[in-house]
Amino acid sequence: MHIREIVLEGFKSYATRTTVGPFDEHFNAITGLNGSGKSNILDSICFVMGITSLSQVRAQALSDFIYKQGTAGVTRASVSIMFDNRNKEQAPDGYKMFDELTVTRIVESNKSKYLLNGKNATQSAIHDLFKSVSLNVNNPRENNE
Numbered sequence: 001m002h003i004r005e006i007v008l009e010g011f012k013s014y015a016t017r018t019t020v021g022p023f024d025e026h027f028n029a030i031t032g033l034n035g036s037g038k039s040n041i042l043d044s045i046c047f048v049m050g051i052t053s054l055s056q057v058r059a060q061a062l063s064d065f066i067y068k069q070g071t072a073g074v075t076r077a078s079v080s081i082m083f084d085n086r087n088k089e090q091a092p093d094g095y096k097m098f099d100e101l102t103v104t105r106i107v108e109s110n111k112s113k114y115l116l117n118g119k120n121a122t123q124s125a126i127h128d129l130f131k132s133v134s135l136n137v138n139n140p141r142e143n144n145e
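If you use full-length UniProt numbering, the sequence shown corresponds to residues 1 to 145, in order.
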């Protein structure tokens, strides 16, 4: 499983819908001028993966994820990550039947919700999905054993 593309809307410095990708399976580089939003792309990945320590992604409250904290007419932040899941040896437990997985996180009115392939999901379900492929954004040294 690897990232195919990221769609950001109202997330941090990305006021309007912005698609980043397609990503290569093996190597990618994020380049740009100072202040152009490179770090926010990495923050968006952690955001979707359900990071609980907001300070790790330069935020103190959920509203910090919304473009200009919601003061510029944007009232929600949304990030969707589309994962290529065709390599079944790397597919998360319980999701081998899908060739693509889309995980979305939305923040609005200081509330957060997750979607998995367009259906409501709990933060715990999202954490479990990533842990099944040895990814834990809240404890990178922990494996899934």
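All residues carry an ideal CB built from backbone N, CA and C; glycine is no exception.
| Query | Result |
| --- | --- |
| Start and end residues, beta strand (DSSP E) containing Val79 | 76 to 84 |
| Start and end residues, beta strand (DSSP E) containing Ser44 | Where Ser44 is concerned, there is no enclosing beta strand (DSSP E), although the alpha helix (DSSP H) it sits in stretches over 38 to 48. |
| Cβ-based burial, Asp93 [other Cβ within 10 Å; buried from 16] | exposed |
| Contact belief for Ser78 with Ile106 at Cβ below 8 Å, rounded distance in angstroms | 5 Å |
| Distance CB(Glu5)-CB(Gly21) smaller than 8 Å | yes |
| Nearest residue (CA-CA) to Ala91, options Lys12, Phe11, Lys131, Gly50 | Lys131 |
| Distance between Asp64 and Glu108 (C-alpha atoms, nearest Å) | 11 Å |
| Residues of its chain near Gly32, where Cβ-Cβ distance is below 6 Å and the 5 sequence neighbours each way are ignored | Lys38 |
| Residues that DSSP places opposite Ile30 in a beta bridge | DSSP lists no partner for Ile30. |
| Nearest to Val103 (by Cα), restricted to the options His127, Pro140, Gln69 | His127 |
| Status (buried if at least 16 other CB within 10 Å, exposed otherwise) for Lys119 | exposed |
| Short Cβ contact (8 Å threshold) for Gly50 with Gln123 | yes |
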